[in-house]
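Heads up: the structure comes next, in structure tokens.
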Amino acid sequence: MENKPKQNEIKIELTPEVANGHYSNLAVVSHSPNEFFIDFIAVAPNMPQAKVQSRIIMTPENVKNLAAALVDNVKKYEATFGPIEHKQPRKATGEIPNPFINGAKA
Numbered sequence: 735m736e737n738k739p740k741q742n743e744i745k746i747e748l749t750p751e752v753a754n755g756h757y758s759n760l761a762v763v764s765h766s767p768n769e770f771f772i773d774f775i776a777v778a779p780n781m782p783q784a785k786v787q788s789r790i791i792m793t794p795e796n797v798k799n800l801a802a803a804l805v806d807n808v809k810k811y812e813a814t815f816g817p818i819e820h821k822q823p824r825k826a827t828g829e830i831p832n833p834f835i836n837g838a839k840a
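So for the sequence shown, our numbering puts the first residue at 735; every next one is plus one.
Shown next as structure tokens:
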């Protein structure tokens with residue numbers, strides 16, 4: 735029997751450059767009527783400026799699928815490792831919070 739890929743199967747290539755990933759300790763999400771923009775940022779202590787490590791642009795449908803996958807994976811993570819400590823989310827004011835400054839505005 736021949737081993738044919740399924741019709742809906744997608745082969746995914748992960749190059750060595752992408753496999754290393756980027757560290758992010760802050761994500762900023764914005765949207766237009768047709769797309770969501772997710773900026774992953776690395777904020778370092780005592781640095782007045784933070785660099786966007788990666789910007790991901792997705793359709794609203796794909797963002798909803800991503801949100802569901804994240805919720806599912808957080809549940810699995812917590813079932814294995816215990817609850818994730820969740821600090822009270824900051825209210826959006828348009829300012830970018832610095833997680834290394836106490837009382838940082840959000």
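Glycine residues also receive a C-beta, built at the ideal position from the N, C-alpha and C atoms.
Checklist entry - What residue does the beta strand (DSSP E) around Lys785 start on, and which one ends it? => result Lys785 to Met792
Item to check | Close beta carbons around Ile775, own chain, < 8 angstroms, minus the five adjacent residues each side | outcome: Ser758, Asn759, Leu760, Ala761, Val762, Ala784, Lys785, Val786, Gln787 and Ile830
Item to check | Any 3 or more C-beta pairs closer than 8 angstroms across the stretch 790-802 and the stretch 764-771 | outcome: The stretch 790-802 vs the stretch 764-771: in contact.
Item to check | Sheet register partners of Ala776 (DSSP bridge) | outcome: Lys785
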